[in-house]
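Please read the structure below before turning to the comments.
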Amino acid sequence: MKVNIREYRDSDYDACRALWVELTQHHRDIYADQSIGGDDPGAELDSHLKDPKRAKTWVAERKDSVLGFCSLIVEYGSGEIDPVVVTKSDRSKGVGTALLQTAIEEAKSRGMRSVSIQPVARNVDAMRLYRRLGFHILGHIDMTLYLSSKASNWKPGITIHGEEYVYYNSRYM
Ligand SMILES: CC(C)(COP(=O)(O)OP(=O)(O)OC[C@H]1O[C@@H](n2cnc3c(N)ncnc32)[C@H](O)[C@@H]1OP(=O)(O)O)[C@@H](O)C(=O)NCCC(=O)NCCS
Numbered sequence: 049m050k051v052n053i054r055e056y057r058d059s060d061y062d063a064c065r066a067l068w069v070e071l072t073q074h075h076r077d078i079y080a081d082q083s084i085g086g087d088d089p090g091a092e093l094d095s096h097l098k099d100p101k102r103a104k105t106w107v108a109e110r111k112d113s114v115l116g117f118c119s120l121i122v123e124y125g126s127g128e129i130d131p132v133v134v135t136k137s138d139r140s141k142g143v144g145t146a147l148l149q150t151a152i153e154e155a156k157s158r159g160m161r162s163v164s165i166q167p168v169a170r171n172v173d174a175m176r177l178y179r180r181l182g183f184h185i186l187g188h189i190d191m192t193l194y195l196s197s198k199a200s201n202w203k204p205g206i207t208i209h210g211e212e213y214v215y216y217n218s219r220y221m
């Protein structure tokens, strides 16, 4: 599939707003919580575009139609890719990889020593992709103590420093 990666323009706003809604929907699905993002999840794009730490945003485009976008955030000289999203019907075709590689190249060209990405642990497919692209160093980890008496379906399969951890993935419920 011929996809062009280029810098974000103001005329991409509506397409990227719709993609932000898809990003939120993905998180609603994997958390099984349709309230995530509130009534107007696309509004998050406005704060993102105003964020002074946002260094650059790219869109993936095919025949004038925007299929995905990602941004490089720079803070204290370190790079973070946030967000990255591809429209559902065009996932698993290499579009996300092309966007991520563009952001990685930008971080390299700015002389950064590293670039990171912060998926939630239950975003298994996204994590597999990042791992394959070379993101193999773990930084900060959120550790959660579950206080509710409501039963939940945790999935095992993560070992760190020899200890077992669980995560939640609605696909396994
Ligand atoms: C995560 C995300 C951005 C990845 O984008 P993508 O376009 O699907 O990514 P790619 O196609 O480059 O790679 C994904 C898969 O396609 C495969 N792939 C890569 N290039 C391919 C190609 N040319 N043809 C077919 N498959 C390809 C990869 O091997 C990978 O395999 P997998 O199915 O085992 O994971 C996208 O899935 C998405 O928007 N998810 C929902 C939102 C989200 O979770 N964002 C990340 C938050 S941290």
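Residues 49 to 221 in this note's numbering are what the sequence shown spells out, letter by letter.
By construction, the Cβ of each residue, glycine as well, lies at the ideal position given by its N, Cα and C atoms.
Quick caveat: nothing in here was measured; it's all calculated off a predicted structure.
Report task. Along the alpha helix (DSSP H) that carries tyrosine 61, what are the first and last residues, could you check? Result -> Start at 1 with the first residue of the sequence shown, and residue 61 comes out as number 13. Run containing tyrosine 61: 61-79, per the alpha helix (DSSP H) assignment.
Query raised in the report: Is any heavy atom of ligand 1 found at a distance shorter than 7 Å from the C-beta of aspartate 88?
Result: Here residue 88 corresponds to residue number 40 of the sequence shown, with the count starting at 1. False, no ligand heavy atom lies under 7 Å from that Cβ.
Query - Supposed contact pair isoleucine 53 and threonine 135 - C-beta distance, whole angstroms, cut 8 Å - result: Position 87 of the sequence shown, counted from the first residue, corresponds to residue 135. Position 5 of the sequence shown, counted from the first residue, corresponds to residue 53. With a Cβ gap of about 15 Å, threonine 135 and isoleucine 53 do not count as contacting.
Query raised in the report: With alanine 103 and valine 132 assumed to form a contact (beta carbons below 8 Å), what rounded beta-carbon distance in angstroms separates them?
Result: Locating residue 103 in the sequence shown gives position 55, counting from the first residue. Locating residue 132 in the sequence shown gives position 84, counting from the first residue. Actually they do not touch by this definition, with Cβ atoms about 14 Å apart.
Query raised in the report: aspartate 173 lies in the alpha helix (DSSP H); which residues open and close that run?
Result: Within the sequence shown, the letter at position 125 stands for residue 173. Looking at the DSSP string, the run of the alpha helix (DSSP H) that includes aspartate 173 is 172-180.
Query raised in the report: Within the present structure, is the beta-carbon of arginine 110 separated from the nearest heavy atom of ligand 1 by less than 7 Å?
Result: Residue 110 sits at position 62 when you count from the first residue of the sequence shown. Checking every heavy atom of ligand 1 against the Cβ of arginine 110, none is found closer than 7 Å.
**Report entry** Contiguous alpha helix (DSSP H) assignments of at least 4 residues, all confined to the segment 77-139
**Finding:** 92-98
Query - Helix, strand or coil at valine 168 according to DSSP, with G and I counted as helix - result: As a first step, residue 168 is located in the sequence shown; it is residue number 120 there, counting from the start. Residue state, collapsed to three classes: coil.
**Report entry** Cβ shell of asparagine 171 (< 7 Å), same chain only, five flanking positions each side left out
**Finding:** Numbered from its first residue, the sequence shown carries residue 171 at position 123. Hits under 7 Å: Ile78.
Query raised in the report: When every heavy atom of ligand 1 is checked, does at least one fall within less than 7 Å of the C-beta of aspartate 190?
Result: The sequence position of residue 190 within the sequence shown is 142, counting from 1. Every heavy atom of ligand 1 is 7 Å or more from the Cβ of aspartate 190, so no.
Report task. Measure the Cβ-Cβ separation of methionine 49 and lysine 141 and say whether it is below 8 Å. Result -> The residue given as residue 49 occupies position 1 in the sequence shown. The residue given as residue 141 occupies position 93 in the sequence shown. Closer than 8 Å, so yes.
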